[in-house]
Structure formats: C-alpha cells, structure tokens
Amino acid sequence: MTDPKPIELLPSLWRFEDTCNVYVLRDGDRAIAIDFGSGRWMARLPELGIGKLEHVFLTHHHTDQCAGLLGKADLPFAVHAPMGEEAFLEPEKVKAYHSAPWYGRGCPQSYLVPPEGIPGVRCNMDWCGDIFWGNRRIRFVLTPGHGPYACSVILDQQGRQIVFCGDAAHDGGTLWQPFHLEWDHYTGGGALAAWEGIMRLAGVGMDLLCPSHGPVIDQKPAQALQLLSRRLMDFFKAKGSVCPGEKDRYVEPVIRPSGAKEVLPHLYQFGGNGYLLVSSSGEALIVDPCLGDVSALKALLAELGNIRPTAMAVSHYHCDHCDAIPALRDRYGAKAWLHPKIAEPLADPEHTIMPWLPPFPIHPDHLWPEEGAWRWQEYSFAVSHWPGQTWGHCVFMASVDGQKVLFGGDSFQPASRWSGTGGFCAYNKSRFRDGYIPSACLALEWSPDIIATGHGTFYRYAPSQFRKIIRWAESAEKAVRALCPSGDLEKDYCIVHDILAQNAALRRDSWA
Ligand SMILES: [Zn+2]
Ligand SMILES: [Zn+2]
10 MTDPKPIELL PSLWRFEDTC NVYVLRDGDR AIAIDFGSGR WMARLPELGI
60 GKLEHVFLTH HHTDQCAGLL GKADLPFAVH APMGEEAFLE PEKVKAYHSA
110 PWYGRGCPQS YLVPPEGIPG VRCNMDWCGD IFWGNRRIRF VLTPGHGPYA
160 CSVILDQQGR QIVFCGDAAH DGGTLWQPFH LEWDHYTGGG ALAAWEGIMR
210 LAGVGMDLLC PSHGPVIDQK PAQALQLLSR RLMDFFKAKG SVCPGEKDRY
260 VEPVIRPSGA KEVLPHLYQF GGNGYLLVSS SGEALIVDPC LGDVSALKAL
310 LAELGNIRPT AMAVSHYHCD HCDAIPALRD RYGAKAWLHP KIAEPLADPE
360 HTIMPWLPPF PIHPDHLWPE EGAWRWQEYS FAVSHWPGQT WGHCVFMASV
410 DGQKVLFGGD SFQPASRWSG TGGFCAYNKS RFRDGYIPSA CLALEWSPDI
460 IATGHGTFYR YAPSQFRKII RWAESAEKAV RALCPSGDLE KDYCIVHDIL
510 AQNAALRRDS WA
C-alpha cells in the first residue's frame, strides 16, 4: 500500500486520506495532528518540512482513528483523547472490555473499541476546555455520536477558524456510519446527544469544517450543520412512538394464586416472558421459555395439577425468550419447535454477532416452515417470519377458547410500553421495508383478537395501531436513509456486523 499523499488545505495545514482523514498543522519545523489513522502518512512529514510531531489529538477512540498507535509504548509524541475515552483506550481497560463475556449483552456504548489500548494515552481533552501548544490555544467541544465522549477540535490558522469535527458530521448533512448513534436497542439517546453536540457546534463561527471521513466542508459549513441537526432530530423522533395516540387496550387477566395471569381459560402468562397454553389432553405448550421464569412456571404447574409441558415455541432468539429450552427439555422432556430464522443465530452464538444471544447453543427438536401451518394437539397454528425488532423473529397464531391469539414477541407492544415496539436498531438487524412493514401488514391480514407479546403484555388488537406502524416505518426508514452518506441503508447503516468483524484486522497495516 502506498503512503497517503498530503493535500494542502491552507499554508501549513494538510489532510491525509488514511483509515480516517488525518489533519497535520505545522508551526516552524514542529507539528500536531488531529487523529492518527494507520500512521503511514508519517513518512511524508520530512518533505513538508516537519522535523518533529509533538502532539496527536484524537477526536474519539474508534479503531480507524488510532489504529497505528495501538500497543505502541514510548511514542515520541503525546497522544491526547477526550475525557471519558479512558474506558476505550487505556490498555488495561481495553483488555477488560474485550475479555468480558459479551453473551446476553445488548448494544455496546461503542461498536469500534480498538483491539488494544494506547500505552500512555492522556484523556485530558476537556469537553469544553483547551490545551496550549506554545501560545496557540487548541479548543475542544463535546460532540458525541461516535461514542459518548467524542470531541471536536478548534484552532486558528492564517486568520481562519477551523473545526475538526471527527465523525460528528460528514459532508452533505450526513453522518459516517450512522449506526454508531445506537447506544442501546430501543431509545434515541445517542441520536439526541449527537443532535445536542451538533447544535453546540453550529453556534461556532467557522471557515472550514474538517470531518474524519469524506471531503472538507468549506462552503457554508453552518448550513450543513443545521441540515444535519434536523436529520438527527428526525432520526431521534423515529426512535419514539410507532403508533402515536393509540390506547394500550390491555386485556384484564384473572390473577391466579401462583401469581400467574390467566388470560383465557387455557392460556396463562407466567414470570416475565412466558406463556403456558394448555391442551384438553393435559399436555402444555410453553411459549418463550426463559430461565428467570422457571420458578414461576413450576408454581403455575403445581397450581394446575396434572399438566405436563411437552412442547416449547419461541417468538425470537433473544436469550430472555429462549434460554430455558435445554433445562426444560431435561426436566419435562418437552420438545422445542423453532422457526428457521430463530434457529440460525441460536445454533452458534459464539460466532454470531448479534445482541442478546444466550451463552450456549440451542438446537431445535423440530423446525417450523418459514411460513405455513403447525398443528399441536387441538390447536392449529399459522406460522410466519415476523421481522421487526430483530430479523430473528417469528409469529404464530391459533384459536384459543374461541379467541384468535397471536404470539408476537417484542416487535410490537402496547403504545405505552417502549413507545409501542421493542425498538429498531442496525445491530439487532431491524428492517423497515422488509421488516416492520410486511409484519404489520400480516397482523392486519390475520386480524387477531388478542396479541400476546413479550414481557407480560397482552392486549386487544386494533387495526388502527398497525396502520400507524406502517406509516411510522416508512418515515423511520426515510429518516435513517437521510443520514447515510451514500443514501443507501444497506451500505452505511446495516453494515454494523461487518464493521465489528473487521475491527481486529484494521490495525494490521500501520506505520512501524
Ligand atoms: Zn468514528
Ligand atoms: Zn424481550
């Protein structure tokens, strides 16, 4: 690979296109750099009249910003990073981060924690402070998004005020890899923090806005930031209600002495997530068996007397909906039926990059068809893939005590529960046009009476809720796409799993 070429922005200010944009500012024969990338650009410094690089200011900890610094002790320059980035940059903390088991974890606070730390890194860039280089005042402004502590760097050169915004902004009012805003799987917390940071930055007068990826913005940077702030707010709003104005329509259960809720004479909800569907034969089907719910299940079975669980079914692969399968198989001999889209991530969680996986593989006794029918005892189920909160999700519906009951996991919830959905995010493989929309259409087509969802919620179906969800999904997709530099969701937003897989390889090609 050839060394990146210096591109002169102003006298004594250059940009290198490395694994990220690296900006180098010279003063006499000394220099500072904003971000570092692989460091291969260092070979070009002598020809720019630079004898000594004195400081590197990292806008944030992502591997592409600092790959060439990882694991390097006794660096001949000081490396600074924003306050708070210790957690992702100090060698011991990075080691601890990567050695902690990630099973059962949701979205990480950062998707690009370097594989190793930077010995001697100084996380001393105050979120609204400065560091002097000679008599030059290098200023910092907190602009989160690519992690919670990312900062922009401001300095003056040739009478111009220049802002290095890291990945807080990208050309065209967009954001580099917008999935980085998803610090959890169901709120817009990261998007809101990013919006606040951009509003903070938009108030700063600037002649040149220098992002970590893509071109420098020298035409109306304030307008570009205003456009980005509107798009960030749209993205944040998309993380809000999916069915504004809808009532919850909860079904009132009979509370049984064991604490279980009798939804219908043959259907009980127990513990946090489980349902027990009882057959007149005395056999029972457990829906969404979770280890945390096993004692509640035992109490319910004790109360019911002669009932034997012989089957298990799962709405989606998240561990709190399936991790009791092996234990209940051992205890009752119950067989597990899984939808193929759920069986897939459960087969090899150790090598699967998705959130909320169980810590061990779970294999089905029988596979359902992708779409079709399943008969269990006197119950005839319709079965389908039902992507929404996650791609690994299905739906199944049968008539119970004369009511059509749809078992719906976490994709759709009553309006007051998590804004009506278990949330969308790239890491969970949520989709709109191929996910939420066809799933909501299916609900409208199946027209159930009762929707039995995860986390103990069961409510009456209303078509208005799902019509609103379709409209929400259309505008949510638009909001996410508007942030994508390429305008392509798959290319910029849905690639989080590839980026995570490549993370460790990023550091291999570096300067020394
Ligand atoms: Zn980044
Ligand atoms: Zn859940």
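Quick note: the sequence shown uses the numbering used here, first residue 10, plus one each step. A virtual CB, placed ideally from N, CA and C, is assigned to each residue, including glycine.
Does DSSP put Pro-472 in a helix, a strand or coil?
Judged by DSSP in its simplified three-state form, Pro-472 adopts helix.
Short check: CB of Val-392 to CB of His-348, under 8 Å?
Contact flag set, yes.
Just to confirm the assignment, what range does the beta strand (DSSP E) spanning His-372 have?
Here His-372 belongs to no beta strand (DSSP E), and DSSP marks it neither H nor E.
So, under 8 Å CB-CB, Ala-356 and His-372 are touching, yes? Tell me the CB distance rounded to an integer number of Å.
With a Cβ gap of about 7 Å, Ala-356 and His-372 count as contacting.
Between the C-alpha atoms of Ser-291 and Cys-450, what's the straight-line distance to the nearest angstrom?
Before going further, note that residue 291 is Gly rather than Ser in the sequence given. Going by C-alpha positions, Gly-291 is about 35 Å away from Cys-450.
Return the residue from the list Ser-495, Asp-507, Ala-203, Trp-192 that minimises the CA-CA distance to Arg-114.
Each of Ser-495, Asp-507, Ala-203, Trp-192 was checked against the Cα of Arg-114, and the nearest Cα belongs to Trp-192.
First and last residue of the uninterrupted alpha helix (DSSP H) at Ala-333:
Ala-333: not part of any alpha helix (DSSP H); DSSP gives it neither H nor E.
Determine the direct distance from the alpha carbon of Leu-121 to that of Arg-265, and round the result to whole angstroms.
Taking C-alpha positions only, Arg-265 is separated from Leu-121 by approximately 48 Å.
Distance, Cα to Cα, Pro-224 vs Leu-217?
Pro-224 and Leu-217 have their C-alpha atoms some 11 Å from each other.
Euclidean distance between Cα positions of Asp-243 and His-222:
Looking at the two C-alpha atoms, the distance is approximately 23 Å.
Can you tell me the Cα-Cα spacing of Val-323 and His-330, whole angstroms?
Their backbone Cα atoms lie some 7 Å apart in a straight line.
Nearest residue (CA-CA) to Gln-474, options Gly-465, Glu-499, Ile-446, Leu-498
Among Gly-465, Glu-499, Ile-446, Leu-498, the Cα nearest to that of Gln-474 belongs to Ile-446.
Just reading off the beta strand (DSSP E) that Trp-385 is part of, what are its end residues?
Per DSSP, Trp-385 belongs to the beta strand (DSSP E) from 380-385.
Less than 7 Å separating the Cβ of Gln-74 from some heavy atom of ligand 1?
The nearest non-hydrogen atom of ligand 1 is less than 7 Å from the C-beta of Gln-74.
If you follow the alpha helix (DSSP H) that Gly-199 is part of, which residue opens it and which one closes it?
Taken as a continuous stretch (DSSP letters only), the alpha helix (DSSP H) holding Gly-199 covers 198-211.
Three-state secondary structure (DSSP) of Asp-139:
Here Asp-139 sits in strand by DSSP.
May I ask you to report which of helix, strand or coil DSSP gives Glu-292?
Reduced to three states, the DSSP call for Glu-292 is strand.
Throw me the rounded Cβ distance for the Ser-250 and Gly-417 pair, which I believe falls under 8 Å.
In fact, because the Cβ distance is near 18 Å, the residues do not count as touching under 8 Å.
Taking 8 Å as the threshold, find out whether the segment 103-112 comes into contact with the segment 422-441 through three or more Cβ pairs.
With the cut-off at 8 Å, the segment 103-112 and the segment 422-441 do not touch.
For Arg-258 and Asp-443, the rounded distance between their alpha carbons
One C-alpha to the other measures close to 27 Å.
Any residue with its C-beta under 5 Å from a non-hydrogen atom of ligand 1 counts. Can you list them all in chain order?
Neighbourhood of ligand 1, defined by CB distance below 5 Å to any of its heavy atoms: His-71, His-155, Asp-176, in chain order.
Relative to ligand 2, is the shortest distance from any of its heavy atoms to the C-beta of His-464 smaller than 7 Å?
Because some heavy atom of ligand 2 lies under 7 Å away, the Cβ of His-464 counts as near it: yes.
Ranges of the beta strand (DSSP E) found wholly within the segment 110-136, counting only runs of at least 3:
Those beta strand (DSSP E) runs which fall completely within the segment 110-136 and span 3+ residues are 131-134.
Give me, in chain order, the residues of the same chain whose beta-carbon lies closer than 7 Å to that of Pro-457; leave out the 5 immediate sequence neighbours on both sides.
Contacts found: Met-406, Lys-413, Val-414, Leu-415, Tyr-470.
Scan the segment 36-99 and note each continuous beta strand (DSSP E) run of 3 residues or more that stays entirely inside, going in chain order.
The qualifying runs are 39-43, 61-66, 87-91.
Return the chain-ordered list of same chain residues with a C-beta closer than 8 Å to the C-beta of Ile-59, the five sequence neighbours on each side being excluded.
The residues are Val-33, Arg-35, Asp-38, Arg-39, Ala-40.
Specify the secondary structure class of Ala-513 as computed by DSSP and reduced to three states.
Of the three classes helix, strand and coil, the one that applies to Ala-513 here is helix, per DSSP.
Contact test: Asp-329 Cβ vs ligand 2 heavy atom, cutoff 7 Å:
Between ligand 2 and the CB of Asp-329, the shortest heavy atom gap is smaller than 7 Å.
Tell me whether Cys-403 sits in a helix, a strand or coil according to DSSP, three-state version.
Strand at Cys-403.
For Pro-396 and Phe-141, I'd like the C-alpha separation in whole angstroms.
Using only the alpha carbons, I get a separation of about 52 Å.
Which residues mark the beginning and the end of the alpha helix (DSSP H) in which Arg-240 is found?
Here the alpha helix (DSSP H) through Arg-240 covers 230-247.
Among Pro-354, Val-213, Ser-439, Thr-361, which has the Cα closest to the Cα of Tyr-195?
Cα-wise, what sits closest to Tyr-195 is Ser-439.
With a threshold of 7 Å (Cβ to nearest heavy atom), would Asp-419 be considered close to ligand 2?
In terms of side-chain proximity, the C-beta atom of Asp-419 is found nearer than 7 Å to a non-hydrogen atom of ligand 2.
Using a Cβ-Cβ cutoff of less than 8 Å, which residues in the same chain neighbour Lys-500 once the five nearest sequence positions on both sides are dropped?
The beta carbon of Lys-500 sits closer than 8 Å to the beta carbons of Cys-493 from its chain, once the five residues preceding and following it are set aside; these are given in chain order.
Are there any heavy atoms of ligand 2 lying less than 7 Å away from the beta-carbon of Gly-431, as far as the coordinates show?
At least one heavy atom of ligand 2 is found less than 7 Å from the C-beta of Gly-431.
Mind checking whether Met-92 and Asp-27 have CB atoms under 8 Å apart?
Contact check for Met-92 against Asp-27 fails: the beta carbons are separated by 8 Å or more.
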